[in-house]
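Comments concern the structure below.
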Amino acid sequence: MQTANEYEQVWWQQGKRCIVGIDEAGRGPIAGPLVVAAVAFPPGYSHPEIYDSKKLSDKKRRALFHEVVAQALEYHIRIIEPKIIDELNIYRATQRAMQDISDMFAHADGILTDAMPLPHNERDVISLVKGDQKSVSIAAASILAKVTRDCMMEAYDRQYPQYGFARHKGYPTKAHIEALHTYGVITGLYRESYGPVAAMRQLVLDI
C-alpha cells in the first residue's frame with residue numbers, strides 16, 4: 013500500500029514549497045487524549061510504505077514514525093486533554109487543534125486535512141475524505157498521531173493496569189466498559205461528556 017502525493021504535486025508544480033498534511037488519532041475513545049499531528053515534506057517527496065495508519069501494523073507504524081520525523085521538512089504534534097474535549101465537544105476540539113497546529117508552520121503554502129474544514133483566510137485548505145489514503149502528508153500525520161497516542165495509552169496502562177488501556181487504547185470495548193464499572197472513572201483521563209462515562213457519573217449521583 014502506498015499513499016499518492018497527487019494533491020501535493022499540484023501545489024508543488026505551482027512553486028509552493030511547504031504543503032502541510034494534518035490528521036488526528038483518538039476521536040472515538042472514551043478515555044485518553046486526542047492527538048493531532050501535522051507534517052510537511054520536501055517538494056516531490058513520496059514513500060512506498062506510508063499509508064493510513066489504521067491499515068498498518070503496530071510495528072510498521074512505529075518504524076515509519078521515525079522515518080517521517082527524520083525526512084519531514086517540519087512536523088508538529090499537539091495533545092488535547094479530555095477536559096478540553098468535554099468543554100468544546102470533539103468536533104470543535106479537533107478543528108481548533110488543527111487550526112492551531114497549522115498556524116505553527118510559519119511558511120505553509122497549502123494545507124491538506126483529513127475531512128476537517130478549517131476557517132483559514134490566508135492559506136489554501138483542502139479537506140479530503142479519507143485523506144490518509146489519498147495524501148502522503150496526511151498519511152504521515154496520521155502515523156505520528158496514532159503512534160504518539162498509543163504510547164500515551166500504554167503509559168496509562170502501566171499506571172492503571174486494571175483498566176487494560178494497552179489493549180483497547182481507551183475505546184469503549186466490552187472489557188473496557190466492564191473495567192470502568194468495576195474500578196470507576198479516573199478524573200482527568202476519562203471524557204466525562206461521552207455517553208458511557210456520563211452514565212457512570214449519573215449512576216454515582218443516583219446512589
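Under my numbering, the letters of the sequence shown match residues 13 to 219, in that order. Backbone N, C-alpha and C define an ideal beta-carbon position, used for all residues, glycine too. Computed from a predicted structure; not experimentally measured.
Buried or exposed (CB count within 10 angstroms, at least 16 for buried), residue i
i, result
"tyrosine 103", "exposed"
"asparagine 101", "exposed"
"alanine 151", "buried"
"alanine 43", "buried"
"arginine 161", "buried"
"arginine 179", "exposed"
"valine 137", "buried"
"glutamine 174", "exposed"
"glycine 56", "exposed"
"serine 154", "buried"
"glutamine 107", "buried"
"threonine 199", "exposed"
Endpoints, beta strand (DSSP E) assigned at residue i
i, result
"threonine 125", "122-126"
"aspartate 35", "31-37"
"valine 137", "136-140"
N-terminal and C-terminal residue of the alpha helix (DSSP H) that residue i is part of
i, result
"alanine 151", "148-171"
"serine 114", "102-115"
"tyrosine 19", "18-25"
"histidine 180", "177-180"
Inter-residue CB distance, residue i and residue j (contact presumed, cutoff 8 Å)
i, j, result
"valine 48", "glutamate 36", "5 Å"
"leucine 192", "methionine 212", "6 Å"
"leucine 140", "serine 147", "6 Å"
"aspartate 98", "glutamate 204", "5 Å"
Straight-line Cα distance separating residue j from residue i
i, j, result
"proline 94", "glutamate 79", "29 Å"
"glutamate 6", "phenylalanine 53", "The requested residue 6 does not occur in the structure, where the chain is confined to residues 13 to 219."
"proline 129", "lysine 67", "24 Å"
"valine 159", "arginine 74", "6 Å"
"isoleucine 226", "aspartate 115", "Look at the range of the chain in this structure, 13 to 219, and you will see that residue 226 is not part of it."
"leucine 215", "histidine 119", "Low confidence applies here, because leucine 215 scores a pLDDT of 47, under 50, leaving its location unreliable and the question unanswered by this model."
"glutamate 166", "glycine 27", "42 Å"
"leucine 217", "tyrosine 183", "Legend: pLDDT at leucine 217 = 35, less than 50; position of this residue unreliable, value from coordinates given subsequently. So the two alpha carbons sit approximately 24 Å from each other."
"histidine 188", "proline 45", "16 Å"
"alanine 209", "leucine 201", "The question names alanine, but residue 209 in the sequence shown is valine. The straight-line gap from Cα to Cα measures roughly 11 Å."
"aspartate 70", "alanine 109", "25 Å"
"isoleucine 219", "isoleucine 91", "Low per-residue confidence applies at isoleucine 219: pLDDT is 34, beneath 50, and the placement is therefore not dependable enough to give any value."
"valine 32", "glutamate 61", "19 Å"
"phenylalanine 177", "aspartate 144", "25 Å"
"tyrosine 168", "threonine 185", "17 Å"
"tyrosine 195", "tyrosine 206", "17 Å"
"valine 22", "cysteine 30", "12 Å"
"aspartate 126", "asparagine 17", "14 Å"
"isoleucine 89", "arginine 39", "15 Å"
Simplified DSSP state of residue i, which is helix, strand or coil
i, result
"valine 220", "Residue 220 falls outside the range modelled here, since the chain spans only 13 to 219, and no answer is possible."
"glutamate 86", "strand"
"alanine 43", "strand"
"isoleucine 189", "helix"
"isoleucine 198", "coil"
"valine 216", "Reliability fails at valine 216, whose pLDDT of 44 lies under 50, so the model's placement of it is uncertain and no value is given."
"isoleucine 62", "coil"
Residue i CB to nearest heavy atom of the ligand HEM below 7 Å
i, result
"valine 209", "Here there are no bound small molecules, and the ligand HEM is not part of this structure."
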